[in-house]
Ligand SMILES: Cc1cc2nc3c(=O)[nH]c(=O)nc-3n(C[C@H](O)[C@H](O)[C@H](O)COP(=O)(O)OP(=O)(O)OC[C@H]3O[C@@H](n4cnc5c(N)ncnc54)[C@H](O)[C@@H]3O)c2cc1C
């Protein structure tokens, strides 16, 4: 495969990481198209697992990320009612010491935007994809709402759970469905008593009969607390935009959340009560399985495999992106076809994604409503459950997307694609191979002060 032009749809975590990975590992030139008119400042604070810390380290971004995140090695499990600690989930790779980071999504995106700028990646805002069209055997066109069509040799659908790339082209029959659970989140100042709370090491999940709530510092200073609640909410399917459009919930909704999650423990109550503005997200999921690619187009991250949130969706999206970028580089070296790249990508990622899906589904069940008796039993046996079963499961925290084995040689599918490769690599217009080392230099550590991007990228 010769160096190519790549169109990336969506500036989420997978889109940003894919562009960085392509610049680092291949000579392919990516351009990102994002429907929002400027970088999004939406979103709560997400937990990035040890494999993401490893990815950020490989890009020279870990130090900057730690300057704007809360670093944690454990999620404490608490009773919402008594406030007692029931156990803990280790969130660290015991072998390498890579920890987890709780980070505000908008700050993380700012950090990645800065890295994209340094890597010379063009980001075009305000471009809504409306369709995908095959041009000929060698090119595919992204059709935008403003009428423009952009042709390229590769098209990456990094456009999230409601992916248009998937719905209009790759696999229209695989549709997202509402999970029956919703998430609400907000921020609160750290209340008196939280830092001193017995067993609290910075991140706690407290479960009750009507859902669970996560309480976590989200910056290095420990003064700001992220509060995220997960609860069963019945809603008719199909009104995803209207429901989402409500955004910050009103006083009624706040009252309901305080009732649900204020619990009996005074410290948790203060934290939940302290949230001024709640934002509300219905959680949608894709059926496990399906295909990730068609022709010259491939799905990445949530667009390919959004499962129930188990705290690892972002990690999977970022891992996909890094592995795929590396495979494109490998194909360029070996003269392999696009099809070979996408096939290998699906082979390499499918098992890990499916394992995660199963694990997340089990955890997700725990957020559903339960009776008083079930709640009491759960609290009583939690320590045994964690010790005997949960903490002995493989969590896959050792996964290293930047170095994981990519398998043997990719193959060249047809004589025609081989001839095309030989011809194209002789073309004077192909980007020089030296681009690689220079882009590596461009991806050096990013200054944390510039992590919050408030301006549009100059294009
Ligand atoms: C409430 C909530 C909490 C979560 N918490 C965690 C957590 O703690 N840890 C964790 O690992 N994961 C978490 N996740 C999951 C995680 O956020 C996702 O898995 C991750 O963001 C997926 O990244 P992505 O790049 O694939 O998609 P997205 O982040 O959804 O990005 C898609 C991008 O594509 C753009 N786009 C969409 N359609 C178009 C179009 N037609 N044209 C152009 N652009 C388009 C969108 O505007 C967006 O910028 C959470 C999810 C939710 C909903």
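Residue numbers (my numbering): 64 to 522.
Note that the Cβ used here is the ideal one computed from N, Cα and C, for glycine as well.
Computed from a predicted model, the values in this text were never measured in an experiment.
Run of the alpha helix (DSSP H) containing residue i, from where it starts to where it stops
i: residue 331; result: 329-336
i: residue 365; result: 365-368
i: residue 229; result: First-last for residue 229: undefined, no H or E at that position.
i: residue 74; result: Taken as a continuous stretch (DSSP letters only), residue 74 belongs to no alpha helix (DSSP H), as it is neither H nor E.
i: residue 390; result: 376-397
i: residue 279; result: Run containing residue 279: none in the alpha helix (DSSP H); it sits in the beta strand (DSSP E), 274-280.
i: residue 111; result: No alpha helix (DSSP H) contains residue 111, which is instead part of the beta strand (DSSP E) from 108-111.
Terminal residues of the beta strand (DSSP E) in which residue i lies
i: residue 434; result: Run containing residue 434: none; DSSP gives neither H nor E here.
i: residue 153; result: 148-153
i: residue 165; result: 163-167
i: residue 213; result: 212-215
i: residue 139; result: 137-142
Classification of residue i by the beta-carbon crowding that lies within 10 angstroms, buried from 16 upward
i: residue 328; result: buried
i: residue 492; result: Bear in mind that the predicted position of residue 492 carries a pLDDT of just 41, short of 50, making it unreliable; the figure below should be weighed with that in mind. Exposed, by the Cβ-count rule.
i: residue 77; result: buried
i: residue 80; result: buried
i: residue 541; result: Residue 541 lies beyond the residue range present for the chain, which begins at 64 and ends at 522; the question has no answer from this structure.
i: residue 258; result: exposed
i: residue 372; result: buried
i: residue 293; result: buried
i: residue 107; result: buried
i: residue 500; result: At residue 500, the pLDDT of 33 sits below 50, so the modelled position is not reliable; the number obtained from the coordinates is stated separately. Exposed: under 16 other Cβ atoms inside 10 Å.
i: residue 440; result: exposed
i: residue 67; result: buried
i: residue 304; result: The predicted model places residue 304 with a pLDDT of 41, which falls under 50 and marks its position as unreliable; any figure quoted below should be read in that light. By the 10 Å Cβ count, residue 304 comes out exposed.
i: residue 157; result: exposed
i: residue 69; result: buried
i: residue 266; result: buried
i: residue 419; result: buried
i: residue 395; result: buried
i: residue 370; result: buried
i: residue 299; result: For residue 299, the predicted model reports a pLDDT of 44, less than 50, meaning its position is unreliable; a value from the coordinates is still stated below. Flag for residue 299 reads exposed.
i: residue 343; result: buried
i: residue 102; result: buried
In DSSP terms, what residue i is bridged to
i: residue 126; result: None, per the DSSP bridge assignment.
i: residue 197; result: 203
i: residue 238; result: Bridge partners of residue 238: none, in fact.
i: residue 357; result: 360
i: residue 185; result: 94
i: residue 248; result: 291, 342
i: residue 347; result: 241
i: residue 69; result: 93, 217
i: residue 269; result: 141, 276
i: residue 133; result: 165
i: residue 192; result: 207
Nearest candidate by alpha-carbon position, reference residue i, set the options
i: residue 167; options: 410, 291, 462, 345; result: 291
i: residue 90; options: 173, 460, 240, 393; result: 393
i: residue 170; options: 124, 344, 201, 239; result: 124
i: residue 285; options: 395, 264, 201; result: 264
i: residue 47; options: 139, 384, 281; result: Absent from the structure is residue 47, since the part of the chain shown begins at 64 and ends at 522.
i: residue 215; options: 474, 418, 401; result: 401
i: residue 155; options: 474, 461, 472; result: 461
i: residue 40; options: 147, 330, 405; result: In the structure displayed, the chain extends from 64 to 522; residue 40 sits before or after that span and is not available.
i: residue 411; options: 419, 383, 183, 68; result: 383
i: residue 221; options: 423, 458, 75; result: 75
i: residue 423; options: 144, 458, 145; result: 458
i: residue 399; options: 353, 473, 338; result: 473
i: residue 120; options: 178, 145, 334; result: 178
i: residue 376; options: 223, 396, 282; result: 223
i: residue 197; options: 184, 353, 213, 209; result: 213
i: residue 389; options: 470, 344, 102, 416; result: 470
i: residue 245; options: 172, 341, 95; result: 341
i: residue 241; options: 175, 297, 362, 204; result: 297
i: residue 295; options: 260, 210, 320; result: 320
i: residue 334; options: 73, 206, 146; result: 146
i: residue 322; options: 219, 275, 84, 354; result: 275
Problem - Validate contact between the stretch 151-168 and the stretch 114-125 using beta carbons, cut 8 Å, 3 pairs - result: yes
Practice task
Could you tell me whether the stretch 209-228 touches the stretch 363-382, using the rule of 3 or more Cβ pairs below 8 Å?
Solution key: yes
Problem - Touching by the beta-carbon criterion (3+ pairs, under 8 Å), the stretch 136-154 and the stretch 80-89 - result: no
Exercise for the section: Specify whether the stretch 343-355 and the stretch 250-259 touch according to this definition: at least 3 beta carbon pairs, one from each stretch, less than 8 Å apart. Expected result: no
Handout entry: At least three beta-carbon pairs within less than 8 Å, the stretch 131-147 to the stretch 179-197
Key = no
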